[in-house]
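Quick note on numbering: my numbering labels position 77 of the sequence shown as 79, and the sequence is numbered without any gaps. In this text, a Cβ means the ideal position worked out from N, Cα and C, and glycines have one as well. Here the structure is a predicted model, which means the values were calculated and not measured. Below is one structure, written out as structure tokens; comments come after it.
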Amino acid sequence: RRERILQRLAGDLSPWFEAVPTVAGFHMAALCKVPVNIPLLMELARRVEVGLYPLDVFFHDAPVRSGLIIGFGAIETLDIDPALDKVRDILQQIG
């Protein structure tokens, strides 16, 4: 699952996000490469049953970077691409 998400972040989602390197765990961070309205993205994603979580709430005493925390412990591998397709489509719509 991690590898598939990394492939998508390096592929069709790369205009917006870059993955923070990780080798373990069930979450990863993706930093915004360009300005993205994260609250709007999260709201629109929830409408199509995709849960996204903001990265900025995890910063303490450091410059805040905009991005997402992506959890993949509970998602089936076959559900990753359809969910990320929805995220990509929303990103294309909101600019």
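C-alpha gap between residue i and residue j, whole angstroms
i: A21; j: I92; result: 19 Å
i: Q94; j: L15; result: 10 Å
i: F60; j: G73; result: 14 Å
i: D87; j: R10; result: 9 Å
i: F28; j: D63; result: 25 Å
Residue burial classification, residue i (beta-carbon count within 10 angstroms, cutoff 16)
i: I96; result: exposed
i: V89; result: buried
i: A32; result: buried
i: V66; result: exposed
i: G69; result: buried
i: A12; result: exposed
i: L43; result: buried
i: A47; result: buried
i: F19; result: buried
Boundaries of the beta strand (DSSP E) in which residue i is found, first to last residue
i: A21; result: 19-21
In DSSP terms, what residue i is bridged to
i: L70; result: A32, P56
Residue i, enclosing alpha helix (DSSP H) - first and last residue
i: V25; result: Counting along the chain, V25 falls outside any alpha helix (DSSP H), and DSSP gives it neither H nor E.
i: E5; result: 4-12
i: P65; result: From DSSP, P65 is part of no alpha helix (DSSP H); its letter is neither H nor E.
i: P41; result: 40-49
i: L86; result: 79-96
- Item | the segment 79-88 in contact with the segment 20-40 per 3-pair CB rule at 8 Å | no
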